[in-house]
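2 protein chains.
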Amino acid sequence: MTNGASTPGMGETLLFLTDEQVRKGIEAMFFAYRGFTADPDRILEKLDYGRAHHRAVHFIHRSPGTTVSNLLSILGVTKQSLNRVLRALVDEGLVEARVGHRDKRERHLYLTAAGAELERSLSDAQRTRMRAAYRAAGPGAVQGFRQVLEAMMDPELRKQYQTLTEGGA
Amino acid sequence: MTNGASTPGMGETLLFLTDEQVRKGIEAMFFAYRGFTADPDRILEKLDYGRAHHRAVHFIHRSPGTTVSNLLSILGVTKQSLNRVLRALVDEGLVEARVGHRDKRERHLYLTAAGAELERSLSDAQRTRMRAAYRAAGPGAVQGFRQVLEAMMDPELRKQYQTLTEGGA
DNA sequence: TTGGAATGTCAACAAGGCTGACTTAAAATC
DNA sequence: GATTTTAAGTCAGCCTTGTTGACATTCCAA
Chain A
7 MTNGASTPGM GETLLFLTDE QVRKGIEAMF FAYRGFTADP DRILEKLDYG
57 RAHHRAVHFI HRSPGTTVSN LLSILGVTKQ SLNRVLRALV DEGLVEARVG
107 HRDKRERHLY LTAAGAELER SLSDAQRTRM RAAYRAAGPG AVQGFRQVLE
157 AMMDPELRKQ YQTLTEGGA
Chain H
7 MTNGASTPGM GETLLFLTDE QVRKGIEAMF FAYRGFTADP DRILEKLDYG
57 RAHHRAVHFI HRSPGTTVSN LLSILGVTKQ SLNRVLRALV DEGLVEARVG
107 HRDKRERHLY LTAAGAELER SLSDAQRTRM RAAYRAAGPG AVQGFRQVLE
157 AMMDPELRKQ YQTLTEGGA
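Residue numbers (this note's numbering), protein chains in the order written: chain A, 7 to 175; chain H, 7 to 175.
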């Protein structure tokens, strides 16, 4: 509060944020992301899975029947990388890969009962923290939070993000 | 808007957010973090550095003269992991490690001119995106963004985050 | 029927985490 | 003054998750 940003009369409406203030936002992202992943990480560790598995399970739950190449574009990794993860999940009975009946090259991905259970436990943990953060920050903060995050995405990813649920939230 | 959260009379003040809404926040974190790291990553790649180097440079800039063990606790990695990164930075003249004069066991870390220049180019890139996001989201959103992120941190990390600048923003 | 797309797989490699064991130097404590 | 603890560094080896490149299979579509 020692800078122009809080000078009465100009206020923050013009977004005269100092570099220091913006930097603080950057550090907030860094530390918050650690918290964001901490709870699922603990669950995954016990099962010998990693974040890569979490992401795959999350998005297969989100879009049941999605194809491998669609998942690739959402996750932004190489197919070799995804394939390693997917193979483990299929081998261990968490994910089912059904051959497409229209296009038999495609594999449509579904969670099995066991996969759905893991997904639930992971997202329960993550939602609990998110909900607590929302509650602590107050009702007004939630919208601002989402708006800034959305504005921070690459345009392509933003499209995917928005498409993902189409009014689901 | 098809759920209890927007029922007139209770509104969002009670934070009746559906699981779907919270989930959307989780995905926002995921996609936004990709954007958050994208610009620095491009710069680092050309110089054969990675995110680990970025983090070290960032926090040394932030707290010049910090010790190795302090940096360890902020970054939350093992000393072997940090050492690998730090050695590269020192060897290549971006960071200077001065022996402490009070306690000669300690190494105090400083950016060299070259290190400061890299830091500037990385944080310029990151701040530009952050600023653009703030602008797009509007003045009210910034506070909410920071509040939710802060509430999302582990308590210990939150303390470190707050200590870091102590009123700097 | 042939070209290209979707998928899967093998091999090899790198970054950046991790553990464990050990050294050195210096400070702190007894 | 001797001993223990602390800060830092190092060596070796492992894991996850990312990368390239090469190649096989399948099959849609021009």
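Every residue, glycine too, gets a C-beta built ideally from N, C-alpha and C.
Using the Cβ count rule (16 or more neighbours within 10 Å means buried), how would you classify residue i?
i, result
"Arg61 (chain A)", "buried"
"Val176 (chain H)", "With chain H covering only 7 through 175, there is no way to say anything about residue 176 (chain H)."
"Arg93 (chain H)", "exposed"
"Gln132 (chain A)", "buried"
"Pro161 (chain A)", "exposed"
"Asp25 (chain A)", "exposed"
"Arg108 (chain H)", "exposed"
"Gly41 (chain H)", "buried"
"Lys52 (chain H)", "exposed"
"Arg29 (chain A)", "buried"
Just to confirm my understanding: we take residue i, look at its own chain, exclude 5 residues before and 5 after, and list those with CB closer than 8 Å. What are they?
i, result
"Leu95 (chain A)", "His59, Ala62, Val63, Val101, Gly121"
"Tyr167 (chain A)", "Glu156, Met159"
Write down the C-beta distance between residue i and residue j rounded to the nearest angstrom, noting that I regard them as a contact closer than 8 Å.
i, j, result
"Gly150 (chain H)", "Gln149 (chain A)", "6 Å"
"Tyr39 (chain H)", "Met35 (chain A)", "7 Å"
"Leu6 (chain A)", "Ile49 (chain A)", "Only positions 7 to 175 of chain A appear in the structure, and residue 6 (chain A) is not among them; the question remains open."
"Gly144 (chain H)", "Gln153 (chain A)", "7 Å"
Identify, in the order they occur along the chain, each residue of the same chain with its Cβ nearer than 6 Å to the Cβ of residue i, setting aside the five sequence neighbours on each side.
i, result
"Pro70 (chain H)", "Tyr116"
"Lys165 (chain A)", "none"
"Ser75 (chain H)", "none"
"Arg141 (chain A)", "none"
Take residue i and list the residues in its own chain whose beta-carbon comes closer than 7 Å to its own, dropping the five residues that flank it on each side.
i, result
"Val91 (chain H)", "Ala58, His59, Ala62"
"Gly17 (chain A)", "Only weak support exists for where Gly17 (chain A) lies, its pLDDT of 42 falling under 50; the value from the coordinates is given anyway. Result list for Gly17 (chain A): empty, nothing under 7 Å."
"Arg135 (chain A)", "Gly41, Asp45"
"Glu172 (chain A)", "none"
Within the region 100-156 of chain H, note down every full beta strand (DSSP E) run reaching 3 residues or more, in order along the chain. 101-105, 113-117
Using a Cβ-Cβ cutoff of 8 Å, what residues of the region 22-49 of chain A are near chain H? List them in chain order. Leu23, Thr24, Asp25, Glu26, Gln27, Val28, Arg29, Lys30, Gly31, Ile32, Glu33, Ala34, Met35, Phe36, Phe37, Ala38, Tyr39, Arg40, Gly41, Phe42, Ala44
Along the region 81-107 of chain A, where does the CB come closer than 9 Å to a CB of chain H? Name the residues. Gly82
Using Cβ-Cβ distances below 8 Å, what residues of the region 145-175 of chain A are close to chain H? Pro145, Gly146, Ala147, Val148, Gln149, Gly150, Phe151, Arg152, Gln153, Val154, Leu155, Glu156, Ala157, Met158, Met159, Asp160, Leu163, Arg164, Gln166, Tyr167, Leu170, Thr171, Gly174, Ala175
Please give the ranges of any alpha helix (DSSP H) in the region 35-87 of chain H, keeping only runs that are unbroken, at least 4 residues long and fully inside the region. 57-68, 74-81
Short of 8 Å Cβ to Cβ, which residues in the region 116-144 of chain A face chain H? Ser129, Gln132, Arg133, Arg135, Met136, Arg137, Ala138, Ala139, Tyr140, Arg141, Ala142, Ala143, Gly144
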